[in-house]
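Enquirer: Mind looking over this structure? Questions follow.
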Amino acid sequence: MNRRLIVIDGNSLINRAYYAIQRPMITKEGLYTQAVYGFLNILQKIRKDYEPGYMVVAFDRKAPTFRHLEFEGYKAGRKKMPPELAMQLPVLKELLDALNIRILEIDGFEADDIIGTVARIAEEQDYEPLIITGDKDALQLATHITKVIITKKGISEFEVYDYDAMMDKYGFTPEQFIDFKGLMGDSSDNIPGLPGVGEKTAQKLVLEYGSVANLISNTDQITNAKLREKVEENAQLAIMSRRLAEINTQVPIEVNLEDYVEEEPEYEKLIELYKKLEFNSFLKKLQIPEGSDQHRSDRDSGEIK
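Those letters in the sequence shown? Residues 2 to 306, by the numbering used here.
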């Protein structure tokens, strides 16, 4: 078996799937399903394109994280999850359970932190981690071995980043992406960054000074008087913003990579869920191996000829 490990950002992908499918999908019982349907399509594409030997999905929890404790305004401006999407999260987790795909979540940390921790451990143990997410924050986790795969358009196109791809696109290392985010901020997470500093200026500063800390230590070298004043007056804000942007790769969570090995689904549960969700196309594509309990059951009932 190959040692390729897919680590999925569950919240990011179900959000992406929900907004990518324009028309609502509703069962006869009134359950919205388009986000779960889109997620399954992404999952199938990932398996087809990358043929992983291992897979795990990380989720956020509602509990505040260490970032909220440091900065009360963290993610304060984010819109509440639509109820039509929120109702699909437990359904997705039930489906992942039927597919025998492990789920990881822990109070006090975000899915990004869990993903970073799993990827670090996997790389240390000679696995090949592939991170699947729609969140560019994860680009800081790219290495010569770990790849970050960003959902680019809808649910069908991806951009792949490793260390070299990051250098080609931005001119700086994945670790320096944290400094980049610390300087420019992030409106979606309400990370302030340096006031008035956008993407181009942040990139220029990282290329010139290397890090937030080095920039703050060398403000006398900034020739633009207005920019120098901004940096000097908001140094602590930039330092805090960098901390908020940094993914914690030391989350206190038990990680046993062999638990994430790709296995056959629990077919009985899966078929029941597909029927409940009215996923007829997935039912038709479901291939039950001969010799499995479900295959014998279906054969005895006359469903398999």
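Glycine included, each C-beta is placed from N, C-alpha and C at the ideal position. Quantities reported herein were computed from a predicted structural model and do not represent experimental measurements.
Which one or two residues does DSSP pair with D10 in a beta bridge?
Expert: As DSSP reads the structure, D10 sits in a beta bridge with A59.
Enquirer: Where does S75 sit, in a helix, a strand or coil, going by DSSP?
Expert: For the sequence presented, residue 75 should be read as Tyr rather than Ser. Of the three classes helix, strand and coil, the one that applies to Y75 here is coil, per DSSP.
Enquirer: Anyone know if the C-beta pair for I156 and R17 falls short of 8 Å?
Expert: yes
Enquirer: Can the beta-carbon of M185 be found less than 8 Å from the beta-carbon of E200?
Expert: yes
Enquirer: What are the boundary residues of the beta strand (DSSP E) that E125 is part of?
Expert: It is not in any beta strand (DSSP E) - E125 instead sits in the alpha helix (DSSP H) that spans A112 to E125.
Enquirer: Applying the 10 Å Cβ sphere with the 16-neighbour rule, what's the burial state of I15?
Expert: In summary, I15 is buried, with 16 or more beta-carbon neighbours lying within 10 Å of its beta-carbon over all protein chains present.
Enquirer: Quick one: Cα of G109 to Cα of L41, how far?
Expert: 28 Å
Enquirer: Roughly how far, in whole angstroms, is the beta-carbon of F178 from the beta-carbon of L140, given that I think they are within contact range, below 8 Å?
Expert: 5 Å
Enquirer: Tell me which residues share the same chain as Q288 and place their Cβ nearer than 7 Å to its Cβ, disregarding the 5 neighbours each side in the sequence.
Expert: none
Enquirer: Please determine, among K277, P290, K285 and K286, the residue with the shortest C-alpha to C-alpha distance to V37.
Expert: K277
Enquirer: Of the choices T250, S282 and E52, whose alpha-carbon is the least far from that of E129?
Expert: E52
Enquirer: In whole angstroms, what is the alpha-carbon distance linking Q35 and V256?
Expert: 31 Å
Enquirer: In whole angstroms, what separates the C-alpha of D98 from that of V58?
Expert: 11 Å
Enquirer: To which residues of the same chain is K231 closer than 8 Å at the C-beta, ignoring the five residues directly before and after it?
Expert: L195, P196, G197 and V198
Enquirer: For N12, does the count of other Cβ atoms within 10 angstroms reach 16, so buried, or fall short, so exposed?
Expert: Residue environment for N12: buried (at least 16 other C-beta atoms within 10 angstroms of its C-beta).
Enquirer: Can you give the beta carbon distance from D169 to D138, rounded, assuming they're within the 8 Å contact cut?
Expert: About 19 Å; that fails the 8 Å criterion.
Enquirer: Which partner residues of Y33 appear in the DSSP bridge assignment?
Expert: I27
Enquirer: Only counting the same chain, and skipping five residues up and downstream in sequence, which positions put a Cβ closer than 6 Å to that of E279?
Expert: Excluding its 5 nearest sequence neighbours in each direction, E279 has C-beta neighbours in its own chain below 6 Å: T28, listed in chain order.
Enquirer: Helix or strand or just coil, what does DSSP make of R17?
Expert: helix
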